[in-house]
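If you're matching positions, the sequence shown starts at 1335 in our numbering and goes up one per residue. C-beta: ideal position from N, C-alpha, C; glycine also. Keep in mind it's a predicted model, so treat the numbers as computed, not measured. Report on one structure; see the data block that follows.
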Amino acid sequence: WEADSLPAILSPDRKTHGLLVMKESEYETRRIDVAFPVLHGKCGEDGAIQGLFVLSGIPYVGCDIQSSAACMDKSLAYILTKNAGIAVPEFQMIDKGDKPEAGTLTYPVFVKPARSGSSFGVTKVNGTEELNAAIEAAGQYDGKILIEQAISGCEVGCAVMGNEDDLIVGEVDQIRLSHGIFRIHQENEPEKGSENAMITVPADIPVEERN
C-alpha cells in the first residue's frame, strides 16, 4: 500500500470536512465521515491531532483533547491521579538543562521524558553518579523531565471503551519481564527490546482485584 500512497493534509476548513490529497500540482478533496486515529506517541495521542479534528469539524473516536494531553504528560497525570486519592510514586519535575536540588532524591529512581512514550529516554538510576547522563538522555525527547521513585511490582492494564455511564471494560493483562525494563520497540540492541516481556491475559492476580 505504501507504493500507491499519496501525501494528504487534513483540512481545518469545516466546509471540506476531510482530506486534501496532493497529486503533483493539484489536489482533490476526500470527505471523512468519522476519523479513527489509530496513532501512538507525540502528535497522535497527546491532543494535537484531536485538536485538528475539532477545527475540521470531523467527529473522531477516542479520548478528547484535554484527556489526551493530560495522559500524555506524566506529571499532569500524576497530579490528577493523586488528587483523586490514588497512590502515585514520589516524583519531581525539572526542565531540560536543570538539575534536582541536592538531597531531594531517594535512589533508585527512574528518569524519563514527561511527554514521551514507548520507554524512549527512560533510565533507571541507582545513584547520583548516574543522574546527569540519565537527564541528558531524557532531554533528547522532551524539555520537561520527570524523576520518579522506583517501585517494585507488576504492571497491569486494561482497555476501557465508551462514554460516561456506557462503559465496556476489557480483561486485565499483566506484563512479565525476564530482565530490564519494558520497552515496546525493539531496537538494534536486542537486550533492550520488548522480547524481554511476556503478556499474560488474564492477569495473574486475585479475581477480586481484576474485577
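Considering only the alpha carbon of each residue, which of 1361, 1431, 1410 and 1405 lies closest to residue 1425?
Against the sequence shown, residue 1425 aligns to sequence position 91. With distances taken between Cα atoms, residue 1425 lies closest to 1410.
From residue 1461 to residue 1467, what does the alpha carbon distance come to, in whole angstroms?
Residue 1461 sits at position 127 when you count from the first residue of the sequence shown. Residue 1467 sits at position 133 when you count from the first residue of the sequence shown. Cα-Cα distance, rounded: 11 Å.
Taking just the CA atoms, how far does residue 1349 sit from residue 1520?
The count along the sequence shown starts at 1 and reaches residue 1520 at position 186. The count along the sequence shown starts at 1 and reaches residue 1349 at position 15. Reliability fails at residue 1520, whose pLDDT of 46 lies under 50, so the model's placement of it is uncertain and no value is given.
By the three-class DSSP mapping on this structure, what secondary structure does residue 1515 have?
Taking the sequence shown and counting its residues from 1, one reaches residue 1515 at position 181. Correct three-state label for residue 1515: coil.
Confirm the yes/no value for this check: CB of residue 1478, any heavy atom of the ligand SAM, distance under 7 Å.
Ligands in the displayed structure: none, and consequently the ligand SAM is not present.
Going by other Cβ atoms of all chains shown within 10 Å of its Cβ, with 16 needed for buried, is residue 1370 buried or exposed?
Along the sequence shown, one-based indexing puts residue 1370 at 36. It is exposed - the Cβ of residue 1370 has fewer than 16 other Cβ atoms within 10 Å.
Which runs of the alpha helix (DSSP H), 4 residues or longer, sit entirely within the region 1457–1517?
Complete alpha helix (DSSP H) runs here, min 4: 1465–1473.
Among all the DSSP beta bridges, which residues are the ones paired with residue 1362?
For the purposes of this step, residue 1362 is taken as the residue at position 28 of the sequence shown. Paired residues: 1355.
Taking the beta carbon of residue 1475 as the centre, do at least 16 other beta carbons fall within 10 Å, making it buried, or is it exposed?
By one-based count along the sequence shown, residue 1475 stands at place 141. Buried, since its Cβ has 16 or more Cβ neighbours within 10 Å.
Reducing DSSP to helix, strand and coil, say where residue 1454 ends up.
Mapped onto the sequence shown, residue 1454 falls at position 120. Looking at residue 1454 - three-state DSSP - the assignment turns out to be coil, as it is neither helix nor strand.
CB-CB under 6 Å to residue 1532, same chain, minus the five flanking residues each way: which ones, in chain order?
Translated into the one-based positions of the sequence shown, residue 1532 becomes position 198. Excluding residues within five positions, the ones whose Cβ falls inside 6 Å are 1510.
Using 10 angstroms around the beta-carbon of residue 1406, count the other beta-carbons present and answer buried if the total reaches 16, otherwise exposed.
Residue mapping note: residue 1406 aligns to position 72 of the sequence shown, counting from 1. With 16 or more other Cβ atoms within 10 Å, it is buried.
From the DSSP output, in three-state form, read off residue 1410 for me.
Within the sequence shown, the letter at position 76 stands for residue 1410. Reduced to three states, the DSSP call for residue 1410 is helix.
Run through DSSP, which three-state label would residue 1415 get?
Stepping through the sequence shown from its first residue, residue 1415 is reached at position 81. Residue 1415: helix per DSSP, three-state reduction.
Does the pairing of the region 1370–1389 with the region 1417–1435 give three or more beta-carbon distances under 8 Å?
No, because fewer than three Cβ pairs between the region 1370–1389 and the region 1417–1435 fall closer than 8 Å, the two stretches do not touch.
With DSSP run on the structure shown, which of helix, strand or coil describes residue 1370?
Counting from 1 along the sequence shown, the entry for residue 1370 is found at position 36. Note: residue 1370 maps to coil in three-state DSSP.
Span of the beta strand (DSSP E) holding residue 1344?
Locating residue 1344 in the sequence shown gives position 10, counting from the first residue. Looking at the DSSP string, the run of the beta strand (DSSP E) that includes residue 1344 is 1342–1344.
How many Å lie between residue 1397 and residue 1412 at the Cα?
Your numbering for residue 1397 matches position 63 in the sequence shown. Your numbering for residue 1412 matches position 78 in the sequence shown. About 18 Å.
So the candidates are 1434, 1339 and 1495; which of them puts its Cα closest to the Cα of residue 1481?
The residue you call residue 1481 lines up with position 147 of the sequence shown. Here the closest residue by C-alpha is 1434.
To which residues of the same chain is residue 1399 closer than 8 Å at the C-beta, ignoring the five residues directly before and after it?
By 1-based counting over the sequence shown, the position of residue 1399 is 65. If we look at residue 1399 and ignore the five residues flanking it on each side, its Cβ neighbours are 1381, 1384, 1385 and 1388.
Flag residue 1510 as yes if its beta-carbon sits less than 8 Å from any beta-carbon of chain D, otherwise no.
Protein chain content of the structure displayed is limited to a single chain, and chain D is not contained in it.
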